[in-house]
Every structure is written in structure tokens, then in C-alpha cells.
């Protein structure tokens with residue numbers, strides 16, 4: 191991919207495009223060791239090395255924030271040692287620089303965030319921020335109110351007590367139920383383990399929200415960019 195030299199310098203944060211033109215004319219810019227003083231010069235982003243005052247210049251990656259509706263049977267990693275499909279297979283090559291923010295279990299579907307912004311990832315994943323996550327779970331059997339109350343008060347799984355959660359039945363089926371569970375932490379397979387602990391194993395599980403950002407009607411396997419307002423919401427948490 192080619193780009194005009196002054197545009198490259200501006201995108202790299204060296205200076206505004208107009209100021210970058212001045213740097214070129216003043217002999218402060220080299221490409222592959224050669225002094226460049228012509229404003230029309232184009233560079234190949236894949237091959238050429240640009241220097242400003244004899245220091246190499248690198249592009250600052252554009253920050254990307256993605257909301258993906260993850261299907262089941264995809265692992266939430268960039269690569270998988272067992273060659274299973276990963277969430278990266280659902281994105282175009284232009285987005286291969288992003289990474290998942292947190293995880294969703296292999297058999298869990300729903301809202302997954304991806305980004306190349308480390309600060310954003312920290313905001314979402316650090317336990318101190320306690321961002322709510324809402325799940326819809328189809329479970330075996332129909333939980334009694336006393337069982338749901340255990341979820342609300344916190345229960346012991348894997349030698350730790352879960353934080354108080356929200357739980358309510360959305361639908362009662364013939365032998366099963368659909369429940370909504372809101373948690374404020376993100377331990378491994380937490381919702382599944384919580385449901386097992388009250389005697390109602392999960393049949394299927396879907397995450398529909400993180401914080402106040404909902405999956406809504408985004409089709410399964412598709413993604414969209416977060417809006418500026420959504421990114422700001424997370425960064426201000």
C-alpha cells in the first residue's frame with residue numbers, strides 16, 4: 191500500500207500534514223536512508239523505512255473497537271493449538287490486529303468485544319471495575335425461588351464465593367426454563383458453574399450485554415464497530 195510521505199508523517203503523529211511538508215522541504219526526512227525533499231513522494235508502507243531527524247518513524251495503529259455476536263463452537267483466542275475455529279475467523283483480514291476482550295466459553299454465544307487498545311481492555315477486564323454482564327441461560331428443570339435466591343446472595347464454587355448476582359425466570363418450558371442472570375465478575379465458566387451449583391445445568395448460554403451495551407439484533411456471526419459514545423461509556427467507567 192502506498193501513501194504520500196507527508197500524510198504518513200501526520201498519521202504517525204510527527205506533525206500536522208502542513209508542518210510535515212515543511213520538514214520534508216527542510217531536509218529532515220529520509221526514506222531508506224535517502225534524503226527526500228520532494229512533496230509528491232510516495233512510500234510503500236510494507237517496504238519503506240522513514241526517518242525523521244535520523245530516528246525511525248512508525249505508524250500509530252488506528253484504534254479499533256468491535257462488537258461481535260459470537261456463535262457457539264468458536265474459541266475466544268487469536269490462535270488455537272487444536273486448530274479449532276477462533277473468533278478471528280469471523281473478521282476480515284483488515285481487523286487481524288485486534289484481540290478479544292475477556293473470553294466467552296467455546297459453547298457460549300453472544301456479545302464479545304475485540305480491540306487493539308490495551309487501555310480499553312484493562313477497563314473492561316480488571317476486577318475492580320465490576321462491569322455487569324447479562325446472560326440468557328436455558329437450564330434443565332425449573333429453578334425454585336429459593337434456588338434463585340442463592341444466586342442473588344452468592345454461592346461457593348471452586349473454593350470462592352461469587353459476588354451477589356441478579357437472577358429471574360423469563361420463561362418456563364415443559365421441563366426446562368429460560369433465566370436471565372446478571373453477574374459483576376468474570377471468572378472461568380462462572381454462569382455455568384453457578385447454575386450447576388443450584389442443580390440446574392445449562393443447556394445453552396448467551397451473553398446479551400456488557401455494561402449498558404446490548405447485543406440487540408446483531409445477526410449471529412456478524413460484527414459492528416462500537417460508536418464513539420459506546421467507547422466513551424466504557425472508558426469513563
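Residue numbers (my numbering): 191 to 427.
All C-beta atoms in this analysis are idealised placements derived from N, C-alpha and C, irrespective of residue type, glycine included.
{"query": "With respect to the beta strand (DSSP E) encompassing residue 352, which residues constitute its N-terminal and C-terminal limits?", "result": "That residue, residue 352, is in no beta strand (DSSP E); it is neither H nor E in DSSP."}
{"query": "Which ranges does the beta strand (DSSP E) cover as unbroken runs of at least 3 residues, wholly within the stretch 255-311, from first to last along the chain?", "result": "255-260, 289-291, 298-305"}
{"query": "Which word fits residue 271, buried or exposed, when buried means at least 16 other C-beta atoms lie within 10 angstroms of its C-beta?", "result": "exposed"}
{"query": "Could you spell out where the beta strand (DSSP E) holding residue 394 opens and where it closes?", "result": "392-400"}
{"query": "Quick check on the burial criterion: 16 or more other C-beta atoms within 10 angstroms. Buried or exposed for residue 346?", "result": "exposed"}
{"query": "DSSP on residue 174, reduced to helix/strand/coil?", "result": "Since the first residue shown for the chain is 191 and the last is 427, residue 174 is missing from the structure and cannot be characterised."}
{"query": "Are there three or more Cβ pairs, one per stretch, closer than 8 Å when the stretch 333-340 is compared with the stretch 307-318?", "result": "no"}
{"query": "Answer yes or no: do residue 412 and residue 259 have a C-beta to C-beta separation smaller than 7 Å?", "result": "yes"}
{"query": "Residue 303 and residue 277 look like a contact to me (Cβ under 8 Å); what is the Cβ gap, rounded to whole Å?", "result": "So it is not a contact: roughly 11 Å between Cβ atoms."}
{"query": "Ordered along the chain, which non-local residues of its own chain (more than five positions away) have a Cβ less than 7 Å from that of residue 251?", "result": "287, 306"}
{"query": "I need the boundaries of the beta strand (DSSP E) containing residue 321, first residue and last residue.", "result": "Run containing residue 321: none; DSSP gives neither H nor E here."}
{"query": "With C-beta atoms as the reference, is residue 249 less than 7 Å away from residue 201?", "result": "yes"}
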